[in-house]
Each structure stands twice: as C-alpha cells, then as structure tokens.
Amino acid sequence: KQEVTQIPAALSVPEGENLVLNCSFTDSAIYNLQWFRQDPGKGLTSLLLIQSSQREQTSGRLNASLDKSSGRSTLYIAASQPGDSATYLCAVRQGGSEKLVFGKGTKLTVNP
Amino acid sequence: EPEVTQTPSHQVTQMGQEVILRCVPISNHLYFYWYRQILGQKVEFLVSFYNNEISEKSEIFDDQFSVERPDGSNFTLKIRSTKLEDSAMYFCASNGNYGYTFGSGTRLTVV
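Protein sequences, first through last, are from chains A and B. Be aware that the first sequence starts at 163, since it is given in our numbering, and climbs by one per residue. Be aware that the second sequence starts at 24, since it is given in our numbering, and climbs by one per residue.
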C-alpha cells in the first residue's frame with residue numbers, strides 16, 4: 163500500500179529565502195507525481211506534474227524534482243514571498259490506478 | 024483557464040438526511056473523481072468514474088455513497104444517510120493531459 167510522507171510538517175521562513183519541501187513515497191512504481199497548493203479552507207491548486215520518466219519540472223520560481231528509485235521528490239521555491247504562504251501537498255498516482263495518494267502536507271509561512 | 028466547478032460551497036445537513044454534492048468537470052476530460060478531506064487529515068480518494076461507470080473506489084466508498092453523471096456536464100456524489108463522521112470537505116476533480124484539476128470543494132457539516 164502506497165504511503166506518502168511530507169517533511170517538515172510546518173516551515174516558517176523570512177521573505178526572500180529559498181526553500182525545499184520534501185516528499186517521500188514507499189512504492190516506486192508510480193505513474194506520476196503532482197504538487198498542489200492549498201490555501202486555508204480552499205481547494206487544491208495544481209503547481210507541477212512530473213511524469214515517472216521525468217526528473218524535474220519547472221514553473222516560474224518553482225522547481226520539482228523526482229527520484230523514483232529512491233522514492234523522493236522535492237519542491238524548490240526560489241525567492242519566497244508572503245503570498246507563497248499555504249499548505250503544499252504532494253500526491254502520487256500509482257501505475258495501473260487512477261487514484262492519487264496524498265501526503266499530509268507542509269504548511270509554509272513566509273514572513274514579511 | 025478551465026475550471027472544475029462545485030456547488031454548493033457549504034452545506035449543513037441533519038444526521039440521517041440525504042445530500043447531493045454537485046460538480047461540473049472540465050468538458051474534455053474523461054475521468055472524474057471525488058475526494059474528501061476531514062479537518063486536519065489527508066486528502067482521501069473516494070471514487071473514480073469513467074465512461075459512465077465507476078472505475079475504481081476506496082473502502083470508504085460504501086453503499087451509502089453513489090455517483091452519477093446525469094447529463095453531459097454534471098457529476099454528482101450522493102450520500103444517502105449522512106453520519107456525523109461524513110463531515111468533511113468534498114472535492115471533485117477531473118483528469119486531463121496536465122494532471123488532475125480540483126474544484127474548490129463543498130464543506131459538508133452533519134449535525
């Protein structure tokens with residue numbers, strides 16, 4: 163059974179800092195991995211999708227990497243801003259399945 | 024940018040009542056899903072729907088739950104007899120070439 167773990171559970175940084183969020187998964191037979199952002203009481207906004215054959219994806223100040231063999235992904239946020247404050251969720255889609263398995267998220271606070 | 028639309032945004036219902044949560048997925052997507060998130064917990068998969076039938080479901084999705092695509096645009100989740108533990112945020116999603124797109128959710132409170 164796939165388990166997804168995100169470390170740290172919470173992170174507080176000053177504005178402008180570069181930071182890394184970590185995601186690990188127990189079963190490396192994944193189809194893809196997706197990073198989402200969730201604001202309090204709101205829905206999930208897709209940030210980046212990495213297919214199992216890819217090593218990384220970039221969008222603006224965000225860069226996500228995938229090391230399938232070691233069961234890890236990282237989300238790198240450059241030059242953090244207060245508007246980046248949110249919970250960041252990692253989710254994996256298993257090969258042969260339609261469902262996403264989510265981690266519990268990392269709650270990021272960027273202080274002005 | 025195409026969106027997944029969910030209604031209502033909030034629903035309060037009495038225990039034992041039936042509720043229907045509604046979603047309009049992205050029009051050219053073929054797979055549709057329901058997920059839920061109990062306060063403070065992980066987002067959990069409930070069910071996936073493809074070609075007018077359930078393609079996958081979790082152990083949570085028992086006989087009190089059902090899904091339907093009554094027309095070409097709507098996708099609904101029905102909970103027949105709500106329990107207190109059904110209180111959660113329910114998310115609809117659809118899947119395209121760029122991964123999942125989620126709606127903004129319906130917050131269901133069972134009292």
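Think of the CB as a built atom: it goes at the ideal place given N, C-alpha and C, for glycine as much as any other residue. Just so you know, these numbers come straight off a predicted model, no measurement behind them.
Please classify residue i: does DSSP put it in a helix, a strand, or coil?
i         : result
Gly-245/A : helix
Glu-179/A : coil
Asp-229/A : strand
Val-254/A : strand
Arg-130/B : strand
Glu-260/A : coil
Glu-91/B  : strand
Does any residue of chain B have a CB that is nearer than 8 Å to the CB of residue i?
i         : result
Glu-260/A : yes
Phe-264/A : yes
Ser-174/A : no
Lys-204/A : yes
For residue i, write down the residues that DSSP places opposite it in a beta bridge.
i         : result
Pro-25/B  : According to DSSP, Pro-25/B bridges with nothing at all.
Leu-211/A : Gln-196/A
Thr-105/B : In DSSP, Thr-105/B forms no bridge with anything.
Arg-45/B  : Thr-30/B and Thr-99/B
Leu-53/B  : Per DSSP, none; premise fails for Leu-53/B.
Met-112/B : Gln-60/B and Arg-130/B
Asn-273/A : Pro-176/A
Just to confirm, is the Cβ distance from residue i to residue j under 8 Å?
i         : j         : result
Ser-214/A : Tyr-193/A : yes
Gln-200/A : Leu-262/A : no
Gln-87/B  : Ser-104/B : yes
Could you confirm whether any beta carbon from chain A is found closer than 8 Å to the beta carbon of residue i?
i         : result
Arg-123/B : A small fix is needed here, since residue 123/B is Tyr in this sequence, not Arg. So, interface residue.
Glu-24/B  : no
Tyr-113/B : no
Glu-91/B  : no
Val-66/B  : yes
Gly-126/B : yes
Glu-76/B  : no
So which of the options has the shortest CA-CA distance to residue i?
i         : options                                       : result
Gly-258/A : Thr-236/A, Val-166/A and Ser-190/A            : Ser-190/A
Gly-245/A : Val-254/A, Arg-234/A, Pro-202/A and Ala-253/A : Pro-202/A
Gln-29/B  : Cys-46/B, Asn-74/B, Ile-83/B and Glu-91/B     : Cys-46/B
Leu-224/A : Gly-233/A, Gln-196/A, Lys-204/A and Ser-231/A : Gln-196/A
Leu-62/B  : Asn-273/A, Gly-267/A and Pro-274/A            : Gly-267/A
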